[in-house]
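Trainee:
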Amino acid sequence: MKSPFDPNNTESYLRWREWKLAAAPLSVNEFMVEVHDPRALTPIEHAALAERVRRSNMAIYASLLHDADTEIPRLLGVQFGLKHLDANWLAGEDGISEIRVFDNGTRQNYIPYTDRPIKWHTDGYYNPPERTIRGMVLHCVRNASSGGENHLMDHEMAYLLLRDENPQHIRALMQPDAMTIPDRVDETDGVRTAQSGPVFSLDTTGNLHMRYTARTRSIEWKQDAETLSAVAALERLLASDTPHIFKAHLDPGMGLLCNNVLHDRSAFTDAPGQPPRLLYRARYLDRMNT
Numbered sequence: 002m003k004s005p006f007d008p009n010n011t012e013s014y015l016r017w018r019e020w021k022l023a024a025a026p027l028s029v030n031e032f033m034v035e036v037h038d039p040r041a042l043t044p045i046e047h048a049a050l051a052e053r054v055r056r057s058n059m060a061i062y063a064s065l066l067h068d069a070d071t072e073i074p075r076l077l078g079v080q081f082g083l084k085h086l087d088a089n090w091l092a093g094e095d096g097i098s099e100i101r102v103f104d105n106g107t108r109q110n111y112i113p114y115t116d117r118p119i120k121w122h123t124d125g126y127y128n129p130p131e132r133t134i135r136g137m138v139l140h141c142v143r144n145a146s147s148g149g150e151n152h153l154m155d156h157e158m159a160y161l162l163l164r165d166e167n168p169q170h171i172r173a174l175m176q177p178d179a180m181t182i183p184d185r186v187d188e189t190d191g192v193r194t195a196q197s198g199p200v201f202s203l204d205t206t207g208n209l210h211m212r213y214t215a216r217t218r219s220i221e222w223k224q225d226a227e228t229l230s231a232v233a234a235l236e237r238l239l240a241s242d243t244p245h246i247f248k249a250h251l252d253p254g255m256g257l258l259c260n261n262v263l264h265d266r267s268a269f270t271d272a273p274g275q276p277p278r279l280l281y282r283a284r285y286l287d288r289m290n291t
């Protein structure tokens with residue numbers, strides 16, 4: 002397998018790098034595709050979304066469909082080969098999560114279900130390998146009165162920029178014990194064993210996957226100089242003004258379709274007396290078929 006993401010395969014990497022930089026979007030508007038109904042895309046709409054995903058692992062669709070219906074993200078995902086939902090314990094019975102503020106119950110203890118900011122991450126970084134999250138749909142039903150924007154970065158572009166800075170960063174972040182999520186005992190979730198794994202890894206077809214969180218609590222990085230240097234370089238990149246980081250605000254009917262790219266979320270405020278901000282999050286074990 003001659004993957005351009007193999008740090009020892011310089012020739013394939015340089016060819017891929019030239020294509021990637023030439024195809025790179027220059028603004029968030031290049032991700033946008035207007036669609037009539039995400040549940041049943043026209044061939045033209047599907048092709049437009051697929052083209053954007055091929056270029057940058059993500060696309061943003063905009064529709065006038067404002068219904069509170071989890072079938073919207075589910076049926077959209079099916080059209081791109083996303084079928085195996087990660088039915089995590091906080092998701093609904095259909096495997097899709099309501100991302101909104103919960104004032105009581107277990108969810109209020111987890112940041113996605115609050116109005117607090119979320120640092121840079123890829124989804125499911127704490128999952129075991131057999132539950133690797135490769136695809137995701139994030140669909141907006143209601144937005145907040147203020148805040149709640151996302152920054153987005155193609156994980157392949159992060160790989161490219163880190164490899165250009167120092168190929169050793171990639172080798173360090175590909176170590177099987179680069180990042181560890183310590184074990185945890187939760188009165189509801191039970192015992193979650195420690196999960197060690199790489200930040201960058203390749204699937205069986207040579208596609209790149211990224212497993213990362215910028216959290217500093219409950220994260221253990223391998224304590225060797227190469228890993229710590231690579232992590233610091235990645236943190237600098239995500240805090241920089243690189244043109245490859247995009248800011249997006251999802252309005253009702255809009256959504257993000259992606260191969261689990263890097264993203265964050267700003268804090269937000271719900272309007273008093275109005276229904277709270279609501280997004281549906283569908284996370285998949287599949288990579289998108291484009």
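Residue numbering for the sequence shown follows this note's numbering, starting at 2 and increasing by one per position. Just so it is clear, CB atoms sit at the ideal spot from N, CA and C, and this is done for glycine as well.
1) According to DSSP, is Glu236 part of a helix, a strand, or is it coil?
2) Can you tell me whether DSSP reads Ile100 as helix, strand or coil?
3) Tell me, please, which residues DSSP counts as bridged to Gly82.
4) Tell me which residue opens and which closes the beta strand (DSSP E) that Glu35 is part of.
5) Go ahead and pull the three-state DSSP assignment for Glu150.
6) Whole angstroms are fine: how far does the CA of Ser147 sit from the CA of Thr205?
7) Is Ser98 buried or exposed, if buried means 16 or more other CB atoms sit within 10 Å of its CB?
8) Take Asn290 as the anchor and find which of Ala283, Glu227, His250 and Arg135 has the nearest alpha-carbon.
9) Please confirm whether His37 and Gly254 have their CB atoms less than 7 Å apart.
10) What is the C-beta distance between Asp287 and Leu83, in whole angstroms, given that I count them as a contact (C-beta under 8 Å)?
11) Could you tell me the boundaries of the beta strand (DSSP E) in which Ala249 lies?
12) Quick check: what's the CA-CA separation for Ile246 versus Val79?
13) Give a yes or no on whether the C-beta atoms belonging to Pro277 and Val142 are separated by under 7 Å.
Mentor: The relevant details are as follows:
1) Residue numbering aside, residue 236 sits at position 235 when the sequence shown is read from its first letter. It is helical.
2) Within the sequence shown, the letter at position 99 stands for residue 100. Correct three-state label for Ile100: strand.
3) The sequence position of residue 82 within the sequence shown is 81, counting from 1. DSSP lists no partner for Gly82.
4) Here residue 35 refers to the residue found at position 34 of the sequence shown. Counting along the chain, the beta strand (DSSP E) containing Glu35 begins and ends at Met33 to Glu35.
5) Taking the first residue of the sequence shown as position 1, residue 150 is located at position 149. Coil, per DSSP.
6) Numbered from its first residue, the sequence shown carries residue 205 at position 204. Numbered from its first residue, the sequence shown carries residue 147 at position 146. When rounded, the distance between both Cα atoms is 42 Å.
7) The residue you call residue 98 lines up with position 97 of the sequence shown. Buried: at least 16 other Cβ atoms inside 10 Å.
8) The residue labelled residue 290 in the question sits at position 289 within the sequence shown. Considering only alpha carbons, the answer is Arg135.
9) Here residue 37 corresponds to residue number 36 of the sequence shown, with the count starting at 1. Here residue 254 corresponds to residue number 253 of the sequence shown, with the count starting at 1. No, Cβ-Cβ distance for His37 and Gly254 is not below 7 Å.
10) As a working mapping, residue 287 is identified with position 286 in the sequence shown. As a working mapping, residue 83 is identified with position 82 in the sequence shown. At roughly 5 Å, the Cβ-Cβ gap stays under 8 Å, so Asp287 and Leu83 are in contact.
11) Reading the sequence shown from its first residue, position 248 is the one you call residue 249. Per DSSP, Ala249 belongs to the beta strand (DSSP E) from Phe247 to Ala249.
12) In the sequence shown, the residue the question calls residue 246 occupies position 245. In the sequence shown, the residue the question calls residue 79 occupies position 78. Distance between the alpha carbons of Ile246 and Val79: 28 Å.
13) Residue mapping note: residue 277 aligns to position 276 of the sequence shown, counting from 1. Residue mapping note: residue 142 aligns to position 141 of the sequence shown, counting from 1. No; because the gap between Cβ atoms is not below 7 Å, this pair is not in contact.
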